[in-house]
Every structure is written in structure tokens, then in C-alpha cells.
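Everything below concerns the one structure shown next.
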DNA sequence: ACCTGAACACCGTTCAAGT
DNA sequence: ACCTGAACACCGTTCAAGT
């Protein structure tokens, strides 16, 4: 369980890799209605994150919500980051793990559903995309979902060596897209401006700079439609890989596409 | 220039949309060797971010590096976030804008180069992916690069309505991938553990949970190769779109793929 | 075993004051 | 025009002490 880093003051890489003293895993058997435990604290953290956002989430506010002193929480959790990891995996429990062996299941449609489900989650809990860029996201719910999607992907006929690349294309894209969308929403709402107004201002500002007049009219908000188009793009790319034609075929081909002429040593 | 939000205490959506009083844009004409200005402050910020990371970057430390009081910086910059936006666009100036009209240029190869260049940038300045999820990234360098890549994309023959979806697929993917990679690197190095050790620990931990034994052996670090595979996947998807076959064709087709059976109203 | 209070070493930012 | 010092309202976290 340990990641071998538990010397003196070293940090842990993830809550999910902690050596938790048995003593603290809840002394008496079942749930008591009185007193705190990790589940109650995590649930309160999710609630606070949902209502206040990541920036205003603090241990002191959380403790206040729980009607307890700020430092009580530290009995159950080593530090704030651990709590954020717990909260992240808790909401990821909302994801339905796709069943690759389901009757008549189409892998394309299952991938679409998984991608939209993940995006829906990141929209319902806007703070989550902020934590995804900081933590490992290897909690039980996240891993279950990821491994489930991986099994679906393998049913497409994609060679196993390419499965993780395709998974990366799918998940990194959904995550990146959600993160960008979220930062637009947050910034605009903090400024009390509609996303449309903000974009109009941006187009005007760019139009004033001579170097961008070519193309500035193409600037507009992250459109609803773009997500679908981009997703189909990724899925079509996976499909191309299954046909062995153009597509994600990394090695052993006449014209190896990876890496094609390194532009700079450190970039590839 | 203004985004219409400059009432009383409202925040701005971006530094790039500020109304900057002419008085503060540098009084006398050219550069002086003495005294501060935005360029010097931004350069110092990039230096500090590169050496210390986003978490340890503070206005007080920056001011100390500049040999000045913490509050002097606020004469040139409204708040810390503005400075981070300036630093982000400053490093994005390292990106070479592709020339869509170049002789004998292949759009696929140009897209590959752009993607690798962006990833290289995010690796040289690991803090940058952390800011990309928080700010609008609409500075002059970022916009120049993005519009340049967009022109390359259009030369593929992809219909204009799909260009932004394809751009989103490409950029969101590179950004998401870099962010995940960065969080692994940072977490492992903070714990003083190699990425490999960390993954071994994770696999062991997952193996101990009965629900993951199926597939746990598939867990391994974000591989170097995955990025290339995923990138080819996106490019193949774009190419599929240009052939009008399967691929990112959003509307007006026999079997509309977007949206296919909404799983839940809020998710699509 | 669980919770508290006081304290430490920081933050970003405001504001009145200096030159 | 530019820079400072003191202050405000917070942080995460440690630690000794309570029950």
C-alpha cells in the first residue's frame, strides 16, 4: 500500500496510497449518527465545493459547516489535499461504469456515453476539473470507470498497445475541454458579464490589433457543438486505427509517423 | 477594449481586456535601465515560476527577487492573476506560428509540429498548464498561435463549421495530457519517489482490492508513446472528416451522430 | 480516541503616507 | 509618478493540552 515515501516529513503521492493506522479506520464497527468520520467529512466537502467553488473552499470553512473546530478535521485527514482527492473520487462515483460485455452494445456509442457522462460530471461539479490537474485521480471510482472504458475500447478491435493512447486521447480531451469551458464560465461570472459580452469585447480588442484582423472574426465562445464535433473526431480516429489504415498506428509501418522529424530535442 | 464590467469592485475577465490608463503605460518614451516596468516584472515572474513552481509563487517573493517592496508591483499590475496571465502569454511567445501558405507544407505534419511544440512548451514551463485551467489564454501570443493553427487546419479541406471542433480536439487534448503528466511528475517528485515506484505502489494497492484485479495490470505511467498514438488518433479523425465519411460530421447526415440518444438531459 | 486553543509562518490586497 | 509600511482578513498546519 505504501509508495515507499513515508520517511519523516515527506508528502504522500495520493491519499489512496496511504498507510492508514488501523486505529483510525473507525474504532467501533458500524456507522454512528454522532461524531465525525471520513464519509461525513467528504460529503460536507463536496457540498461546500459545489456551493462555494474551489477558491473559497478552506479547512476552516468546512469545519464551521460541520459545527466543529478547524483542527478536528485533521484527526481524519492528513491535509487539505487529501480531502480534495477524497471529494474528487466521491463525485466520480456518480459515473456509471460501461459494460463492455453488454448484449448488442456498440463500442462507439458506449464511448460517446462515457465521454458525455464525464463531461456532465465536470459540469455539475465545476471545481473537479481544477483538482484533476493537481492530483493523481487514482481513487476507486476513477479507476473503475477508466478500466471499464478501456475494456469497451478493446472491443473495437484496436490493438492493445494502442488502447492507452486512445484512452488518453479521449479522457485528456474531455478533461481539457471541460477545464477550458469552466475557466471561461468562472471568469465571466466573477466579472458579472455574460459569456457572449466577454467574447464581443475580445473580438473588438483583437480587431484593434493589426496583426489579428485576419481571423479575429473566427473568435467565439467554446461552442456547445464543438464538443460533439471534437468527440466524433477522436472516435473516427480510433476507428481508423482499427482498420489498420491511417490512424493511430505507432510503429512497424512503411512511413513511421511517430516521431516525424523532431523539431527540437526536448520537444519530442 | 473594456468588457463592460468595470463597475466598482468587479473583477476583470482578463488582463487583455483591461482599460489601462494611458498615464501608466510608461510615461517617457523608451526603455530605461532603472526602475520597473511590466516587461521586467513579467520576466521576473516567469523566472520565479520556472524555478519555484506555481504553488510557491507569491507577490512577496517576486518583489523580493526584484529588490523591491511587495506592494510596488501593484503599481504595474492590478492583481496576482493578471501577472500570471502576462507570464503565460510571455512563454507562449516561444511558439512558432505555423505558416499555412508555406510551399509544399503538409497540414498533417504542421499539426503534429504545433502539437509537439505546445507540449514542449508546457513541459519547459510546468506551471503553465496549471494556469491554463484558470485563465482565458487570449493574449496576443496565444491568439496568434491558435489562429495560425486554425488556418493550417482549414487547408486540410475540413469544412469551416468543423474547424473549431477539430481545433478543440487538438488543443484540449494536448493541454489535458500535459496537465495530467505534470501532476504525476509534481506529486512524485514532492514525495521523493520515482514515477515508476509510484506506479508499482498503485498497482499493488489496486491488486489488493478485489474489484480491480481485472485490468489492474494495465495500469502504468502515462507513457511517452501514448501521446503520439493519441495525436495520430486526433489527426486521423480530422482526416476522416475531410473525406466526408465517418468522422466529425455534425449535421445533415442520414444518421446524425450528435446527439445520439441523450443519456440524461443535463449531460448533453 | 477524539477534540480544542493558541500559535507560527505565511498569503493577497487596501490604504494612507511618503518622495 | 512611483514606492513604502502598516494593517486587514484571511490561509494551512503544528503542537501541547484537554476530556
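Chains as they are written, first to last, in full-length UniProt numbering: chain R, 1 to 268; chain S, 1 to 268. For every residue, glycine included, the Cβ atom is placed at its ideal position computed from N, Cα and C.
What do you get for residue i, buried or exposed, if any count of 16 or more other CB atoms within 10 angstroms of its CB means buried?
{"i": "residue 14(S)", "result": "buried"}
{"i": "residue 176(S)", "result": "buried"}
{"i": "residue 196(S)", "result": "exposed"}
{"i": "residue 143(R)", "result": "buried"}
{"i": "residue 252(R)", "result": "Caution applies to residue 252(R), whose pLDDT of 34 falls short of 50 and renders its modelled position unreliable; the model cannot decide the point."}
{"i": "residue 89(S)", "result": "buried"}
{"i": "residue 163(R)", "result": "buried"}
{"i": "residue 182(S)", "result": "buried"}
{"i": "residue 99(R)", "result": "exposed"}
{"i": "residue 241(R)", "result": "buried"}
{"i": "residue 126(S)", "result": "buried"}
{"i": "residue 24(R)", "result": "exposed"}
{"i": "residue 129(R)", "result": "buried"}
{"i": "residue 194(S)", "result": "exposed"}
{"i": "residue 148(S)", "result": "buried"}
{"i": "residue 12(R)", "result": "buried"}
{"i": "residue 157(R)", "result": "exposed"}
{"i": "residue 155(R)", "result": "exposed"}
{"i": "residue 239(R)", "result": "buried"}
{"i": "residue 139(R)", "result": "buried"}
{"i": "residue 42(S)", "result": "buried"}
{"i": "residue 187(S)", "result": "buried"}
State the CB to CB distance for the pair residue i and residue j, rounded to an integer number of angstroms; the pair is presumed to be in contact (CB under 8 Å).
{"i": "residue 84(R)", "j": "residue 135(R)", "result": "7 Å"}
{"i": "residue 227(R)", "j": "residue 112(R)", "result": "Not a contact, Cβ separation roughly 11 Å."}
{"i": "residue 153(R)", "j": "residue 166(R)", "result": "6 Å"}
{"i": "residue 36(S)", "j": "residue 76(S)", "result": "6 Å"}
{"i": "residue 10(R)", "j": "residue 191(S)", "result": "6 Å"}
{"i": "residue 91(R)", "j": "residue 46(R)", "result": "6 Å"}
{"i": "residue 269(R)", "j": "residue 235(R)", "result": "With chain R covering only 1 through 268, there is no way to say anything about residue 269(R)."}
{"i": "residue 121(S)", "j": "residue 94(S)", "result": "6 Å"}
{"i": "residue 207(R)", "j": "residue 237(S)", "result": "Residue 207(R) to residue 237(S), Cβ: 32 Å. No contact."}
{"i": "residue 180(S)", "j": "residue 115(S)", "result": "Actually they do not touch by this definition, with Cβ atoms about 15 Å apart."}
{"i": "residue 44(R)", "j": "residue 66(R)", "result": "5 Å"}
{"i": "residue 17(R)", "j": "residue 205(S)", "result": "6 Å"}
{"i": "residue 38(S)", "j": "residue 48(S)", "result": "15 Å between Cβ atoms; not a contact."}
{"i": "residue 172(R)", "j": "residue 230(S)", "result": "7 Å"}
{"i": "residue 178(S)", "j": "residue 123(S)", "result": "7 Å"}
Query raised in the report: Along the segment 147 to 177 of chain R, what residues have a CB closer than 9 Å to any CB found in chain S?
Result: 147, 148, 150, 151, 160, 161, 162, 163, 164, 165, 166, 167, 168, 169, 170, 171, 172, 173, 174, 175, 176, 177
Query raised in the report: At a Cβ cut of 8 Å, what residues of the segment 189 to 207 of chain S count as close to chain R, listed as they run along the chain?
Result: 190, 191, 192, 193, 197, 198, 201, 202, 204, 205, 206
Query raised in the report: Mind listing which residues of the UniProt domain "HTH tetR-type" (35 to 95) of chain R have their C-beta closer than 8 Å to chain S's C-betas, in chain order?
Result: none
Query raised in the report: Taking only runs of the beta strand (DSSP E) that begin and end inside the segment 89 to 113 of chain S, which ones reach a length of at least 3 residues, in chain order?
Result: none
Requested in this report: Write down every uninterrupted run of the alpha helix (DSSP H) in the segment 118 to 185 of chain R whose length is 4 residues or greater and which is fully enclosed by it, in chain order.
Outcome: 127 to 132, 140 to 154
Query raised in the report: Residue ranges of each alpha helix (DSSP H) run of no fewer than 4 residues wholly in the segment 7 to 66 of chain R, ordered along the chain?
Result: 38 to 52, 59 to 65
Query raised in the report: According to a CB-to-CB cut-off of less than 9 Å, which residues of the segment 126 to 145 of chain S neighbour chain R?
Result: 129, 130, 132, 133, 134, 135, 136, 137, 138, 140, 143, 144
Query - Contact set between the segment 95 to 111 of chain S and chain R, restricted to residues whose Cβ is under 8 Å from the partner - result: 109
Query raised in the report: Just by C-beta distance, which residues in the segment 11 to 23 of chain R are closer than 9 Å to chain S?
Result: 11, 12, 13, 14, 16, 17
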